[in-house]
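Engineer:
Protein chains: 2
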Amino acid sequence: MDFSHIRAMTFDVFGTVVDWRGSIISEGENVWTAKGVNVDWPQFADSWRGGYGPSMNRVRTGELPWMNIDALHRLILDDLLEQHQIAGLAESDRDHLNKVWHRLNPWPDVTSALARLRKRYIVASLSNGNVALLVNMARHGGYCWDCVLSAELAGHYKPDPEVYQTAASLLGLRPHEVMMVAAHNGDLMASKQVGFSTAFVHRPREFGPNQTTDLVPDASVDIVAKDFNDLADRLGIP
Amino acid sequence: MDFSHIRAMTFDVFGTVVDWRGSIISEGENVWTAKGVNVDWPQFADSWRGGYGPSMNRVRTGELPWMNIDALHRLILDDLLEQHQIAGLAESDRDHLNKVWHRLNPWPDVTSALARLRKRYIVASLSNGNVALLVNMARHGGYCWDCVLSAELAGHYKPDPEVYQTAASLLGLRPHEVMMVAAHNGDLMASKQVGFSTAFVHRPREFGPNQTTDLVPDASVDIVAKDFNDLADRLGIP
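This is how it looks when you write it as structure tokens:
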């Protein structure tokens, strides 16, 4: 296939760039259990993430006004702590725990492969995570985006088309000049509807050992890669 | 002074980070004279820049709807080409000439000093330049922002307070946690009104050998530096 028209690559972040589940389990077990958040961390991480889609949908339908991901994550966290009857956590600790989502670790291929990709393409995040979260996460993980793009800048959550349209517009590009990279078919399909090219990257352990979703790319994706280095190889970047 | 509360540094770009005048003169004389734009390039650069403030004010007052800097630069360019009776330039050339503002070169201290500052602080642009312009310019100059912030994201031009407020908000910070860095007192004073700390950097040749503006920092600035490396020294960053 001919990708000579591509100028920028926009990356889904949660699960595609970073291992949210492993990072939360690790910080939870190493830091928060001792502070009184004595829970089954794999289950807690899954529940926290499980609230993500429904909470964004409450914004999408207008039930909630625009709230960024930090704020939505906090609503879900407050509920979970109550369900687990963890009442004694000070506000500053709750806030810091909520911002574990700013400290998620990249998959091992990411840092070197993003540097390769940046030699040829504008490399940007395109995440439902808010700008501050993405900035802090990139600094934590030791990689740099040419541009931090977020649902927050569009006032809409993926997979709403406005997110992809805003991304292309802010980069000064037409949709066909942008390639969306994600481990999730829904995200890629929505970007393709707006005119983006698509690259599926396998992240079969994003949801742990029992993952059932996004194990196989949709037939319509333009590139399939096993990680970001394989993606760079397939695009012919040294 | 105590700067321990600072988490992020936001940088004015035109003149503070990049030498717009020298870059435009250089590309003009080396590329565009041969293509028929046979003008006095120092004068042309000064005139083009001279239209910048007035054009943003036409947006501020509502005379023009929101237009980003690429669009405003183009209005000024079209006027200048007409004044100089240069009619034969194809649209693709006009567009490429207009985007010389995406190819401005950083002052010599910038690339190494931004890398030093990024070790301790979130380092972001905060420019009237639009996002695409800033992204392309950083790639051209070989430096990377933790976050590209622009008037375009606020729908207002500096020195409107909304620009600084939006910047702090997107970074998840309160204004007093942000330090504005600029070679221009007006920008620094406006950021201080919103609660930012301020750092004046001397760029006495920004407007060429006959510069009369911003040669001396306002008495209220918090740090004065002769360039970005001096700024890093004064903040105690190795």
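Keeping their order, the protein sequence lines are chains V and R. So the first sequence is residues 1 to 238, counted in my numbering. So the second sequence is residues 1 to 238, counted in my numbering. Just so you know, even glycine gets a beta-carbon here, dropped at the ideal spot from N, CA and C.
#1: Per DSSP, CYS147(V) is paired with what?
#2: Indicate the three-state DSSP secondary structure (helix, strand or coil) for ALA132(R) in the structure shown.
#3: Would a C-beta distance cut-off of 7 Å place ALA240(V) and THR61(V) closer than the cut-off?
#4: What does ILE237(R) reach in chain V if we use C-beta pairs closer than 7 Å?
#5: Quick one: list the residues of chain V neighbouring ALA138(R), beta-carbon separation under 8 Å, in chain order.
#6: Using C-beta distances below 8 Å, list every residue in its chain close to GLY115(V), excluding the 5 sequence neighbours before and after it, in chain order.
#7: Taking a Cβ distance cut-off of 8 Å, strictly less, list which residues of the segment 153–173 of chain V are near chain R, in chain order.
#8: Taking a cut of 9 Å between CB atoms, which residues from the segment 122–138 of chain V lie near chain R?
#9: Going by C-alpha to C-alpha distance, which of ALA90(V), LEU133(V), GLU177(V) sits closest to ASN105(V)?
#10: Given 8 Å as the limit, is there contact between the segment 212–227 of chain R and the segment 178–193 of chain R, that is, 3 or more CB pairs closer than that?
#11: At a Cβ threshold of 7 Å, is TYR143(R) touching chain B?
#12: Count the other C-beta atoms from every protein chain shown that fall within 10 angstroms of the C-beta of SER92(R), then say buried if there are 16 or more, exposed otherwise.
#13: Taking the continuous alpha helix (DSSP H) assigned at THR198(V), which residues delimit it?
#14: The alpha helix (DSSP H) that contains THR16(V), what's its start and end?
#15: Taking PHE44(V) as the reference, which of HIS140(V), GLU29(V), LYS35(V) has the closest Cα?
#16: For MET56(R), count the other beta carbons within 10 Å of its own beta carbon; 16 or more makes it buried, fewer makes it exposed. Which is it?
#17: Can you give the Cα-Cα distance for ARG118(V) and SER150(V), rounded to whole angstroms?
#18: In or out: TRP101(R) buried (at least 16 other Cβ within 10 Å) or exposed?
#19: According to DSSP, is PRO175(R) helix, strand or coil?
#20: Measuring CB atoms only, is the segment 76–96 of chain V touching the segment 1–18 of chain V, in the sense that at least three cross pairs come out at less than 8 Å?
#21: Alpha carbon to alpha carbon, what distance is there between GLY36(V) and THR166(V)?
#22: Cβ of ASP146(R) within 7 Å of Cβ of ASN185(R)?
#23: So, MET179(R) versus ALA199(R), is the Cβ gap smaller than 7 Å?
#24: Hey, out of LEU72(R), LEU173(R), ASN38(R), GLY53(R), whose CA is closest to LEU89(R)'s CA?
#25: How should PRO175(R) be labelled, buried or exposed, when 16 other C-beta atoms within 10 angstroms of its C-beta is the threshold for buried?
#26: Suppose the cutoff is 7 Å on Cβ atoms and the five residues either side in sequence are ignored; what does the same chain contact list for LEU235(V) look like?
#27: To the nearest angstrom, how far is it from the Cα of GLU162(R) to the Cα of ASP187(R)?
#28: In terms of alpha-carbon separation, which member of VAL18(R), ASP109(R), ASP40(R) lies closest to LYS226(R)?
#29: Roughly how many angstroms lie between the CA atoms of ALA138(V) and GLY129(V), to the nearest whole one?
#30: Going by other Cβ atoms of all chains shown within 10 Å of its Cβ, with 16 needed for buried, is TRP41(V) buried or exposed?
#31: Check this for me: beta carbons of VAL18(R) and SER127(R), under 7 Å apart or not?
Structural biologist: Per the coordinate set shown:
#1: Answer by DSSP bridge pairing, in chain order: ALA124(V).
#2: ALA132(R) falls in the helix class under three-state DSSP.
#3: Only positions 1 to 238 of chain V appear in the structure, and residue 240(V) is not among them; the question remains open.
#4: Under the 7 Å cutoff, chain V gives no residues; its nearest Cβ is about 15 Å from ILE237(R).
#5: What ALA138(R) touches in chain V: ASP146.
#6: Just to set this straight, residue 115(V) is Ala in the shown sequence, not Gly. Excluding positions up to five away in sequence, the list reads TYR143.
#7: Within the segment 153–173 of chain V, those residues whose Cβ lies closer than 8 Å to any Cβ of chain R are, in chain order, LEU153, LEU170, LEU171, GLY172, LEU173.
#8: Answer set for the segment 122–138 of chain V: ILE122, ALA124, ASN130, VAL131, ALA132, LEU133, LEU134, VAL135, ASN136, ALA138.
#9: Nearest of ALA90(V), LEU133(V), GLU177(V) to ASN105(V), Cα basis: LEU133(V).
#10: Judged by Cβ distances under 8 Å, the segment 212–227 of chain R makes contact with the segment 178–193 of chain R, as three or more pairs qualify.
#11: Annotation note: the requested chain B is absent from the structure, which comprises protein chains V and R.
#12: Exposed, since its Cβ has fewer than 16 Cβ neighbours within 10 Å.
#13: Where THR198(V) is concerned, there is no enclosing alpha helix (DSSP H), although the beta strand (DSSP E) it sits in stretches over 197–201.
#14: Boundaries for THR16(V): no alpha helix (DSSP H) harbours it, and the DSSP string shows neither H nor E there.
#15: Taking only the C-alpha atoms, the option nearest PHE44(V) is GLU29(V).
#16: Result: buried.
#17: Cα to Cα, the separation comes out at about 19 Å.
#18: Under this definition TRP101(R) is a buried residue.
#19: DSSP places PRO175(R) in helix when its eight states are reduced to three.
#20: Taking 8 Å as the limit for Cβ pairs, the verdict is that the segment 1–18 of chain V does not touch the segment 76–96 of chain V.
#21: When rounded, the distance between both Cα atoms is 42 Å.
#22: No. Outside cutoff.
#23: Taking 7 Å as the Cβ cut-off, MET179(R) and ALA199(R) qualify as a contacting pair.
#24: LEU89(R) has its Cα closest to that of ASN38(R), out of LEU72(R), LEU173(R), ASN38(R), GLY53(R).
#25: Per the 10 Å Cβ criterion, buried.
#26: Around LEU235(V): PHE3.
#27: Those two C-alpha atoms are separated by around 13 Å.
#28: Minimum Cα distance to LYS226(R) is reached at ASP109(R).
#29: Cα-Cα distance, rounded: 12 Å.
#30: With 16 or more neighbouring CB atoms inside 10 Å of its own CB, TRP41(V) falls in the buried class.
#31: No, Cβ-Cβ distance for VAL18(R) and SER127(R) is not below 7 Å.
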